[in-house]
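Visitor:
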Ligand code: F6R
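In my numbering, the protein residues as written are 9 to 269.
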């Protein structure tokens, strides 16, 4: 795990955006999986800026959404797919037919999940998964207790997660408690993982996910098993890390190596 600590949320977002942009430049046919939520919004804004001002080209990039609410159709403005489009995809030159999301309104939800896994495989696998983290340690919507080998499937959101993700819903009570999410195993199969967390509300769970034992109770801790996982934090989210000074030293030394990205 590579832990990168930036002074504030804006610089953390820019750092994460630089990592994504570099991958897009190096391999324009990149297969990306992307989250919704509040944390990645400044990162998306920076990627949009890079496309407009520096011609960062997303035309060959394939995008998979990480998760979706059950019972919400893809074209519903409250869907996570619509949210990702509004905040990012509609503002860059992605090809709509290269962007996929789970259909939470599918009649056969298990079939929908299996087909999504098959589409990821058909795309050549995920090159880069960008993740946020919930205060209970979830990545995607892999709530505590999710198998670390899980694939795309139906999960029940905790009441806390449903409340925290109520943004698109007029009434928080309307947030679906069931969701489809790519699995922890699906995430671990990606060639690279990038988790972005900012703000003091994430400090305690970041410490447990990064420095605690690997556990299905904190699915983000599974990233410790991944050979190329990067965690980009601001100071507030890094505040409880016990080895923060070591991570800073490591980053300063290793990022100066030739070819380091
Ligand atoms: C949403 C997703 C979730 C969020 C997490 C953090 O697509 O994958 O895991 O990343 O709930 O949400 P924010 O960033 O709003 O704190």
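We treat Cβ as the ideally placed atom computed from N, Cα and C, and that holds for glycine.
Closer than 7 Å to a non-hydrogen atom of ligand 3 - does that hold for the CB of residue 149?
Guide: No copy of ligand 3 appears in this structure; the ligands present are ligand 1.
Visitor: From residue 297 to residue 140, what distance separates their C-alpha atoms?
Guide: Because the chain spans 9 through 269 in this model, residue 297 falls outside it and cannot be assessed.
Visitor: Can you tell which of 112, 154, 207 and 189 has the C-alpha that lies nearest to the C-alpha of residue 143?
Guide: Taking only the C-alpha atoms, the option nearest residue 143 is 207.
Visitor: What is the DSSP secondary structure of residue 224, reduced to helix, strand or coil?
Guide: The answer is coil: DSSP assigns residue 224 none of H, G, I, E or B.
Visitor: Which residue or residues does DSSP assign as beta-bridge partners of residue 139?
Guide: According to DSSP, which records beta bridges pairwise, residue 139 is partnered with 203.
Visitor: Just curious, the beta strand (DSSP E) that residue 213 is in, first and last residue?
Guide: Premise fails: residue 213 lies in the alpha helix (DSSP H), 211-219, not in any beta strand (DSSP E).
Visitor: Exposed or buried, residue 112, counting other C-beta atoms within 10 Å across all chains shown (16 or more means buried)?
Guide: Buried, since its Cβ has 16 or more Cβ neighbours within 10 Å.
Visitor: How should residue 21 be labelled, buried or exposed, when 16 other C-beta atoms within 10 angstroms of its C-beta is the threshold for buried?
Guide: Counting Cβ neighbours within 10 Å, residue 21 comes out buried, since at least 16 surround it.
Visitor: Taking the alpha-carbon of residue 18 as reference, which of 92, 175, 46 and 223 has the nearest alpha-carbon?
Guide: The shortest Cα separation from residue 18 among 92, 175, 46 and 223 belongs to 46.
Visitor: Along the chain, where does the alpha helix (DSSP H) that runs through residue 193 open and close?
Guide: Taken as a continuous stretch (DSSP letters only), the alpha helix (DSSP H) holding residue 193 covers 192-196.
Visitor: Give every residue of the same chain whose Cβ lies closer than 6 Å to the Cβ of residue 10, excluding the five residues on either side of it in the sequence, and list them in chain order.
Guide: Contacts found: 238.
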